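Protein chains: 2
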Amino acid sequence: MTAQAEPTVADLGEDELIASFVPLLPRGRTTLVPTGDDAAVIAAPDGRFCVSTDVLVEGHHFRLAWGTGADVGWRAAMQNLADIAAMGAEPTSMVVSMVLPPPTPVSWLHDFCRGLSEACGPLGVGVDGGDLSAGEQLVVAVTVHGDLAGRDPVLRSGARPGDVVAHSGLLGRAAAGHALLASGRRGGSDETLIRDFLRPRPALSAGPAAARAGATAMMDVSDGLLRDAGRLARRSGAILTLDPPAASVPDAVAALAGVAARLETDPTMWILGGGEDHGMLATFPAGTALPEGFTVLGRVAAASAEHPAGTVLVGDAVPAVRPGWDHFRS
Amino acid sequence: MTAQAEPTVADLGEDELIASFVPLLPRGRTTLVPTGDDAAVIAAPDGRFCVSTDVLVEGHHFRLAWGTGADVGWRAAMQNLADIAAMGAEPTSMVVSMVLPPPTPVSWLHDFCRGLSEACGPLGVGVDGGDLSAGEQLVVAVTVHGDLAGRDPVLRSGARPGDVVAHSGLLGRAAAGHALLASGRRGGSDETLIRDFLRPRPALSAGPAAARAGATAMMDVSDGLLRDAGRLARRSGAILTLDPPAASVPDAVAALAGVAARLETDPTMWILGGGEDHGMLATFPAGTALPEGFTVLGRVAAASAEHPAGTVLVGDAVPAVRPGWDHFRS
Chain A
1 MTAQAEPTVA
11 DLGEDELIAS
21 FVPLLPRGRT
31 TLVPTGDDAA
41 VIAAPDGRFC
51 VSTDVLVEGH
61 HFRLAWGTGA
71 DVGWRAAMQN
81 LADIAAMGAE
91 PTSMVVSMVL
101 PPPTPVSWLH
111 DFCRGLSEAC
121 GPLGVGVDGG
131 DLSAGEQLVV
141 AVTVHGDLAG
151 RDPVLRSGAR
161 PGDVVAHSGL
171 LGRAAAGHAL
181 LASGRRGGSD
191 ETLIRDFLRP
201 RPALSAGPAA
211 ARAGATAMMD
221 VSDGLLRDAG
231 RLARRSGAIL
241 TLDPPAASVP
251 DAVAALAGVA
261 ARLETDPTMW
271 ILGGGEDHGM
281 LATFPAGTAL
291 PEGFTVLGRV
301 AAASAEHPAG
311 TVLVGDAVPA
321 VRPGWDHFRS
Chain B
1 MTAQAEPTVA
11 DLGEDELIAS
21 FVPLLPRGRT
31 TLVPTGDDAA
41 VIAAPDGRFC
51 VSTDVLVEGH
61 HFRLAWGTGA
71 DVGWRAAMQN
81 LADIAAMGAE
91 PTSMVVSMVL
101 PPPTPVSWLH
111 DFCRGLSEAC
121 GPLGVGVDGG
131 DLSAGEQLVV
141 AVTVHGDLAG
151 RDPVLRSGAR
161 PGDVVAHSGL
171 LGRAAAGHAL
181 LASGRRGGSD
191 ETLIRDFLRP
201 RPALSAGPAA
211 ARAGATAMMD
221 VSDGLLRDAG
231 RLARRSGAIL
241 TLDPPAASVP
251 DAVAALAGVA
261 ARLETDPTMW
271 ILGGGEDHGM
281 LATFPAGTAL
291 PEGFTVLGRV
301 AAASAEHPAG
311 TVLVGDAVPA
321 VRPGWDHFRS
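Protein chains in written order, with UniProt numbering: chain A, 1 to 330; chain B, 1 to 330.
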């Protein structure tokens, strides 16, 4: 008996490969014509739909050695679902294109599909189409759609001086998990941080809840709190003043302190500079009863000659934190 | 004075890069919230939308040396727009993700955006979002949306024995253009074929026209006539019998004969086996007045023990033509 090599995507024809994983993908509650035709047909009961797209590249956004195919599928789905939630919408449907190096095991691809399904299925979100190509580097491109259920979308541009800045979700934990994986110095008690990096769990319902509560602006934090807050401020023609994390999110700082000390860094850097937790950053008129799960981080203020639109102050200083992800420079 | 090197995408930050090309992209007639927020918002007047996605990889689907960035942008758009037309829908909106090697010139990216715009702008289709990442290999992932204007989608599965098989658009010309580029043996009079490969011009209006005329099944020909016809037949539980190209499309055969002779191949192979012209392959009940531009290629017949569902006969034989593109095997 000879040992059988694990089949790779190059061992199957394109049609056979597709047929092997389509049954692993969920059909959504708005799916009218599922994957398999020239296009899928999706219900848009609102008469509008939201659409967002993200691309993940092996070696840049994930490393095969760091987790399973299901982890990659989960994260690809969740970071896109968070973009829909950040408009105040409910996600309905996604399509997924992939570039696969020919030696990719079929089992990895199937595991990836299971991760997509674990993320989307419970939400009633369909995986309603996709495309595959061979290539040198593994790439995942997800496009996600959502329904506004009759509400106005919550844009980045609506924050007004006097509004409260609030956040729902984790801060700094994905960055800490990433730092542990990158350092190779992970230990037993670090696994929850690594899981928060590999399997982000944004509070997706916080997006529509913020919209219902009257949020004036919202976005998801994907590239780091300071960098994303600066984008929201710039689009709103305002500045944001954030309280120091030790005051606004002391539990988050405390939970990262041990690992930060071991990696010889400051947990505040992860909280202010790290991305990929995909929490919801939103602004509300002063006095709004914030939806469950939101924590006040600061206030919106008027731009000035000293502090032009887009400035983010921490305490009363411009923080000396390196910015979050820049995919062409980092 | 030193010569200035052409700026690459690595020379600009991600935000600066995006700001540099967004003004080149068209806003669509259904765009409610354009690119720049967490998601775009698109009108879906029909209460449904069609969605399809395709990925193009440098070295597999295009080569930088073969054409301009605008050619790549045009083709990426058109092959997606054709998928929407093949449902009988009108395209409305697309989002485009890209993986760019850091040495990619900014001017190439801008040229790519102009190609997208040339394809989408005149149709009122918006380029309403996207994402960029660095990576080793240039990848373009397009997701396109369309509106059915109250019609039923025309699926691949509706062909019935007795229906007429018809096609609108070019056949074999993109394959001939590709063969010329791959052979390096192009000459002056071959430029129209190369242009048909680099800049496919599917008759997008033929899709909705076929739907209005009562097409029972439809798809766009992207992977080769025989392979795609086989998919339509299989999904319909039927077989297709096509007339020999010399009888059904004699002008197309004649127009390719010279180049085929020079490259020592048979033009019929390009017509039956070549893909990427993105014409509309549709079936209609016998006696239907075909929309302008459609040519009869054959008939739908019942499957049998000898010829199971999915069989495509040319004349009365199963043709010995190598199948079209298989991205993991070709």
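The C-beta atom is built at its ideal place from N, Cα and C for all residues, glycine as well.
Treat the numbers as computed from the prediction; the structure is a model and nothing was measured.
In terms of residues, what are the limits of the alpha helix (DSSP H) holding residue i?
| i | result |
| --- | --- |
| Leu232(B) | 225–236 |
| Asp83(A) | 69–85 |
| Ser20(A) | 14–21 |
| Thr311(B) | Taken as a continuous stretch (DSSP letters only), Thr311(B) belongs to no alpha helix (DSSP H), as it is neither H nor E. |
Would you mind working out which of the options sits nearest residue i, comparing C-alpha positions?
| i | options | result |
| --- | --- | --- |
| Gly172(A) | Arg27(A), Val249(A), Ala317(A) | Val249(A) |
| Leu226(B) | Leu313(B), Gly129(B), Met78(B) | Leu313(B) |
| Leu100(B) | Gly69(B), Val57(B), Ala85(B), Gln137(B) | Gln137(B) |
| Ala252(A) | Leu12(A), Gly13(A), Gly188(A), Thr268(A) | Thr268(A) |
| Pro91(A) | Ala179(B), Met87(B), Ala39(B), Val95(B) | Ala39(B) |
| Ala215(B) | Asp37(B), Leu132(B), Arg48(B), Ser157(B) | Ser157(B) |
| Ala44(A) | Thr288(A), Asp147(A), Ala65(A) | Asp147(A) |
| Val300(B) | Gly279(B), Ile271(B), Leu240(B), Thr288(B) | Leu240(B) |
| Gly36(A) | Leu109(A), Gly69(A), Leu17(A), Arg235(A) | Leu17(A) |
| Pro285(A) | Thr265(A), Trp270(A), Ala211(A), Val259(A) | Ala211(A) |
| Leu32(A) | Gly258(B), Val154(B), Asp316(B) | Val154(B) |
| Leu193(B) | Leu242(B), Val95(B), Asp277(B), Gly135(B) | Asp277(B) |
| Trp270(B) | Leu281(B), Pro245(B), Ala282(B) | Pro245(B) |
| Val139(B) | Gly69(B), Pro34(B), Thr30(B) | Gly69(B) |
At the level of alpha carbons, what is the spacing between residue i and residue j?
| i | j | result |
| --- | --- | --- |
| Ala233(B) | Thr104(B) | 43 Å |
| Gly169(A) | Gly59(B) | 42 Å |
| Ala159(B) | Val127(B) | 34 Å |
| Ala23(A) | Val51(A) | A quick correction: the sequence has Pro, not Ala, at residue 23(A). For Pro23(A) and Val51(A), the distance between alpha carbons rounds to 25 Å. |
| Gly224(B) | Leu290(A) | 57 Å |
| Asp111(A) | Val55(B) | 21 Å |
| residue 335(A) | Arg262(A) | Any answer about residue 335(A) is impossible in this case: the structure gives chain A only from 1 up to 330. |
| Ser330(B) | Ser20(B) | With a pLDDT of 45 at Ser330(B), under the threshold of 50, the modelled position of this residue cannot be trusted; read the value that follows with caution. Those two C-alpha atoms are separated by around 37 Å. |
| Ser93(A) | Gly130(B) | 17 Å |
| Gly124(A) | Gly188(A) | 35 Å |
| Gly162(B) | Val144(B) | 33 Å |
| Gly230(A) | Met219(A) | 11 Å |
| Arg201(A) | Leu272(B) | 49 Å |
| Asp71(B) | Leu198(A) | 38 Å |
| Met1(B) | Pro7(B) | Because Met1(B) carries a pLDDT of 44, less than 50, the predicted location of this residue cannot be relied on, and no value is offered for it. |
| Arg151(B) | Met87(B) | 10 Å |
| Arg235(A) | Thr311(B) | 57 Å |
| Gly184(B) | Val259(B) | 13 Å |
| Gln79(B) | Gly73(B) | 10 Å |
| Val41(A) | Ala141(A) | 19 Å |
| Asp243(B) | Thr283(B) | 14 Å |
| Gly135(A) | Ser97(A) | 12 Å |
| Arg63(B) | Met280(A) | 41 Å |
| Gly13(B) | Ala182(A) | 23 Å |
| Gly121(B) | Ser107(B) | 20 Å |
| Gly315(A) | His307(A) | 14 Å |
For a contact defined as C-beta to C-beta under 9 Å, what are the partners of residue i on chain A?
| i | result |
| --- | --- |
| His178(B) | Per Cβ cutoff of 9 Å: no residues; His178(B) is ~16 Å from chain A at best. |
| Gly73(B) | Residues of chain A passing the Cβ test: none, with the nearest at roughly 16 Å. |
Kindly indicate the opening and closing residues of the beta strand (DSSP E) around residue i.
| i | result |
| --- | --- |
| Leu193(A) | Here Leu193(A) belongs to no beta strand (DSSP E); instead the alpha helix (DSSP H) covers 191–198. |
| Thr143(A) | 139–147 |
| Glu306(A) | Element bounds for Glu306(A): n/a, residue is neither H nor E. |
| Phe112(B) | Here Phe112(B) belongs to no beta strand (DSSP E); instead the alpha helix (DSSP H) covers 106–120. |
Strictly below 7 Å CB to CB, what residues from chain B border residue i?
| i | result |
| --- | --- |
| Ala86(A) | Asp38 |
| Pro103(A) | Within 7 Å Cβ-Cβ: nothing; Pro103(A) doesn't reach chain B, min ~11 Å. |
Against residue i, what residues of chain A qualify as contacts under a CB-to-CB distance less than 7 Å, listed in chain order?
| i | result |
| --- | --- |
| Thr143(B) | Thr53, Val95, Thr143 |
| Gly135(B) | Val57, His60, Gln137, Val139 |
| Val99(B) | Val55, Val57, Val139 |
List, in order along the chain, the chain A residues whose C-beta lies closer than 8 Å to that of residue i?
| i | result |
| --- | --- |
| Asp277(B) | Under the 8 Å cutoff, chain A gives no residues; its nearest Cβ is about 15 Å from Asp277(B). |
| Asp83(B) | Asp38, Ala39 |
| Leu155(B) | Val33, Asp37 |
Residues of chain E with a CB under 8 Å from the CB of residue i: which are they?
| i | result |
| --- | --- |
| Gly130(B) | No chain E is part of this structure, whose protein chains are labelled A and B. |
Do residue i and the ligand GTP come close, with the Cβ less than 8 Å from some heavy atom?
| i | result |
| --- | --- |
| Leu263(B) | This structure simply doesn't include the ligand GTP, nor any ligand for that matter. |
Interface residues of chain B around residue i at Cβ under 8 Å?
| i | result |
| --- | --- |
| Gly146(A) | Ala39 |
### Query
When you check each C-beta in the UniProt domain "PurM-like C-terminal" (160–248) of chain A against every C-beta of chain B, which residues fall closer than 7 Å?
Met219, Asp220
### Message
Please list, in chain order, the residues of the region 28–50 of chain A that have any C-beta partner in chain B closer than 7 Å.
### Response
Leu32, Val33, Asp37, Asp38, Ala39, Ala40, Val41, Ile42, Ala43, Ala44, Pro45, Gly47, Arg48, Phe49, Cys50
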